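Here's the structure we're looking at; comments come further down.
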Amino acid sequence: MRRMMIAGNWKMNTDRSSGTALAAGLASHVAGKNLTADVLVAPPFPYLEAVRETLGSSGIQLGAQNCSSEAEGAYTGEVSVGMLQDVGCQWVILGHSERRHILKETDSFINQKTRLALSKGLGVILCVGELLEEREASQTDEVLDRQMAGGLAEVSAADLSNVIIAYEPVWAIGTGKTATPDMADDAHAHIRGWLAENYDEDAANSMRILYGGSVKPSNAAELLGQPNVDGALVGGASLTVDNFGPIIDAGLSADKS
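Counting in my numbering, the sequence shown runs from 2 upward without gaps.
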């Protein structure tokens, strides 16, 4: 069975003081609990090491919000996979809709990063999802197929075990709108079907697929209770213990492992 993951994407929020305070609060929240689900936070680059030190032995994992498509060299402003691993990152979020649509990242560029991260042993949370106009035009499945095929091109079945998919309907990110539990599960089931067709049933059944799109304490339990939803990629609600803590608890209660 699949192990739940509750991941907090802090985006371009917090400073060193508030970020470490948040990490300390989350570490306190999970203290003494049986972590039957994976819990992860992805702070901004400058605070990764400070947050890692604050998390200590809490069991909360560390992720990054992006990485370079190159391993090293003259790439001003870039952060390499090796650098992320050096400060303790276990995962990197790639293909987030904000990078696709604001920074114009393409599937092939995301795939380049994905293959590099996997080749170095860094886990990848690969984000896919449709725009509102694509959903209204009944193109959701087509968009998901294209992004999955592009993002996972030349990724082997063996490497797939170090990948998590995050379905994030773009129209539900930061808007307060949320896909209904049935809508989320349908999209996750389609992704699982794509994996079965393009890899095999084992790959499809073992893949963890997170939902990301205005997850909050009030809807987390119902979303996480869906059969094909294996966790959440949480944005704004991950920035306070009062909001992220109950989502973590919902993940622990819904654990499917």
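Ideal Cβ placement from N, Cα and C applies to all residues, glycine included.
As the structure is a prediction and not an experimental result, all values here were calculated from the model.
Assignment of Asn244 by DSSP, reduced to helix, strand and coil, places it in the helix class. Taking 8 Å as the upper bound for CB-CB distance, Asp186 and Pro247 are not in contact here, some 21 Å apart. Per DSSP, the unbroken beta strand (DSSP E) holding Met6 starts and ends at Met6 to Asn10.
In the displayed model, Val52 falls within a helix according to three-state DSSP.
With a cutoff of 7 Å on beta-carbon distance, Gly60 and Ile111 are scored as not near each other.
A buried status is given to Asn220, since no fewer than 16 other beta-carbon atoms sit within 10 Å of its beta-carbon. A direct Cα-Cα distance of roughly 6 Å separates Val129 from Gln148. As a beta-bridge residue in DSSP terms, Asp39 pairs with Met6.
With fewer than 16 other Cβ atoms from the protein chains shown falling within 10 Å of its own Cβ, Pro47 counts as exposed. For Val235, there is no enclosing alpha helix (DSSP H); the residue is found in the beta strand (DSSP E) stretching over Gly232 to Val235. Ala43 sits away from Ile7, with the two beta carbons spaced by 7 Å or more. Exclusion of the five residues before and after His191 leaves Asp142 and Leu145 as the residues of its chain whose Cβ lies within less than 7 Å of its Cβ. Counting along the chain, Trp172 sits inside no beta strand (DSSP E), nor does DSSP assign it H or E at all.
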